[in-house]
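To get the numbering used here, take the position in the sequence shown, counting from 1, and add 10.
Just so you know, even glycine gets a beta-carbon here, dropped at the ideal spot from N, CA and C.
Everything on this sheet refers to the single structure shown next.
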Amino acid sequence: MDRRRLLMGLMAVMATSMTACQGRSDNTLLVAAIAGALSPQMLRDLQSRQSADIVLRLKAQESLVALFQQLQAWQAAAQSATPEAGPRRADWALLSDYWLLPAIQQELISPLDNVDAIAGWESLPDSWARLLQRSQDGLLSATGPTWGTPYRWHHLMMVYDRRFFNSLGWEPTTWSDLLRAELQERIILPDHPRLVLGLMLKAFNHSVNDPDPASHADVVSALETLRTQVKAYDTTTYLQSLVIGDAPVAVGWSGDIQPLLSRYRYLQAVAPEPGTLLSADVWTRPKGTAATATMPMSDFEQAWLSYWWQPDVVTPLSLLTQGLSPLLLADQPLDFDFELAANTVMPAPAQLQNSEFVEPLADAAIANYNQLWQQLRGRE
């Protein structure tokens with residue numbers, strides 16, 4: 011479920027922040043993230059809030075896959091005969107929640123101790139604890155340890171060409187609108203079974219994490235119709251197809267779509283009724299040697315993690331990082347400023363209550379999704 015990232019000014023920040031020192035020191039923090047995921051403006055603000063001089067070193071990767079492979083390389087180096095000879099492991103790495111399961115299973119990250127001691131943790135919406143507490147096999151567990159802390163979240167939404175829909179006299183507002191006859195062979199959907207089957211489950215008010223989607227006759231019937239609606243399944247170049255007019259409507263993540271809306275005024279995005287699918291980017295602790303695994307968090311590490319869910323960071327985080335603040339998932343809607351409301355596409359409070367993270371499922375459930383997915387794609 012790799013999401014595209016637009017390159018921003020991260021490399022410039024890296025150039026000014028790099029230091030020749032390779033050893034870990036109390037005032038140095040090495041962070042690995044996707045290029046463009048961090049705002050230089052916010053990094054400067056974070057550092058200005060610290061009482062001590064902090065050296066922040068950033069290691070950028072071009073994709074979630076590359077970041078995951080970097081975790082694997084660090085772990086291999088840590089397990090080698092001479093771990094000190096390998097590249098320095100990052101103190102924290104940004105992962106999509108989708109990658110938590112394999113990262114835990116492959117022992118690439120460590121569980122976090124005493125997360126409730128981090129300032130502001132108790133104020134986070136309950137959905138974060140549910141998402142981040144996992145068993146040793148990576149599945150959700152209310153009694154399991156916490157494997158990360160939230161940075162931002164995204165939601166699945168539709169983006170469409172207003173010129174095309176103006177000619178039809180209507181605009182899409184619900185997932186079921188994708189089934190209308192006017193959109194036959196005109197839709198681009200993500201090339202991923204959990205997303206496509208999940209949005210159809212949500213269209214009929216079922217859970218996107220239902221272990222057996224084929225048990226719902228309304229969903230199975232809708233998928234038969236959806237088969238005739240799809241022009242392409244594409245997760246990487248779908249926005250280009252939309253921009254050049256090759257398709258009038260597509261489904262994708264808000265973090266990909268939001269930056270295009272100001273550049274292409276004929277494009278409109280909507281968070282469809284009745285709810286949607288959610289994804290999160292979270293800070294994880296790469297697993298190192300036995301000695302480093304037991305190192306407590308430094309004060310700056312705790313400040314780094316908690317900064318992203320401070321109330322006064324809600325607006326800049328949501329405007330500058332192509333993601334949304336963790337606090338915006340609160341059960342009670344937050345009062346946020348006009349700038350944020352005018353420049354982001356967010357699900358309405360009622361929709362958000364009916365939205366769900368795409369949770370990891372047991373192997374039997376994954377097999378059910380794959381079987382239905384193959385039936386949907388079988389006549390291509």
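The Cβ atoms of Y170 and P182 sit closer than 8 Å to each other. With contacts defined by Cβ atoms closer than 8 Å, V259 and I197 form a contacting pair.
Of the candidates Q146, A279, V229, S120, the residue whose Cα lies closest to the Cα of V355 is A279. The Cβ atoms of W163 and P336 sit closer than 8 Å to each other. In this chain, the beta strand (DSSP E) harbouring W293 covers 287-296.
Secondary structure remark: continuous beta strand (DSSP E) runs of at least 3 residues inside the segment 196-249, in chain order: 197-199, 240-243.
Unbroken beta strand (DSSP E) runs of no fewer than 3 residues, entirely contained in the segment 137-205, are found at 159-171, 197-199, following chain order.
Taking all protein chains shown into account, T153 has fewer than 16 neighbouring C-beta atoms within 10 Å of its C-beta and is therefore exposed. Contact annotation: E366 and S145 have beta-carbon atoms that are not nearer than 8 Å. Here DSSP, grouped into helix, strand and coil, assigns R54 to helix. For the pair I267 and A281, the Cα-to-Cα distance works out to about 11 Å. Contact between P221 and L207 does not hold, since their C-beta atoms are separated by about 12 Å, which reaches or exceeds 8 Å. Counting C-beta pairs closer than 8 Å gives fewer than three between the segment 132-147 and the segment 302-316, which falls short of the contact rule. Within the DSSP bridge table, the entry for G262 names M167 as partners. The continuous beta strand (DSSP E) containing T38 extends over residues 38-44. With 16 or more other Cβ atoms inside 10 Å of its own Cβ, P370 counts as buried.
DSSP places L104 in the uninterrupted beta strand (DSSP E) bounded by 102-106.
Across the structure, I44 and R190 are spaced so that their CA atoms are roughly 37 Å apart. DSSP, reduced to helix, strand and coil, places S120 within a strand of the structure shown.
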